[in-house]
Amino acid sequence: MSGLGKGITASSIGYLLKKAGIRVTILKLDPYLNIDPGTMNPYQHGEVFVLDDGSETDLDLGHYERFIDANMTKDNNATAGQIY
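Plus 33 on top of the position in the sequence shown (first one is 1) and you've got our numbering.
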């Protein structure tokens, strides 16, 4: 399912909702067991995006920040490793 444009699609929908006057935020759920993608192989996962609070996430949160013009934090990203 990687590389299908799910993050860009979610970002675009968020942008359209925000332009319609609806308050928007995003929670990214990742199935991997690592706490953050900084410890993963970039060839398997892709590049890491660093948020303003120093959290390492995947590039989708960077797309969300740009599309909906809002700063994301570690609270906008959850991995299975954080849950279990």
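Backbone N, C-alpha and C fix where the C-beta goes; we use that ideal spot for every residue, glycine too. None of the values given here were measured: they were computed from a predicted structure.
Curious, which full-length alpha helix (DSSP H) runs of at least 4 residues does the region 76-110 contain?
Entirely contained in the region 76-110, the alpha helix (DSSP H) runs reaching 4 residues are, in chain order, 92-101.
Using a 10 Å radius around the Cβ and a threshold of 16 neighbouring Cβ atoms, would you call residue 116 buried or exposed?
Counting of Cβ neighbours within 10 angstroms places residue 116 among the exposed residues, the total staying below 16.
With DSSP run on the structure shown, which of helix, strand or coil describes residue 62?
Three-state DSSP puts residue 62 in a strand.
Once you ignore the five residues that flank residue 39 on each side, which residues in its own chain have a CB closer than 8 angstroms to its CB?
Counting only Cβ-Cβ distances below 8 angstroms, and skipping sequence neighbours, we find 93.
Would you kindly work out how many angstroms separate the C-alpha atoms of residue 60 and residue 90, rounded to a whole number?
Approximately 12 angstroms, taken between the alpha carbons.
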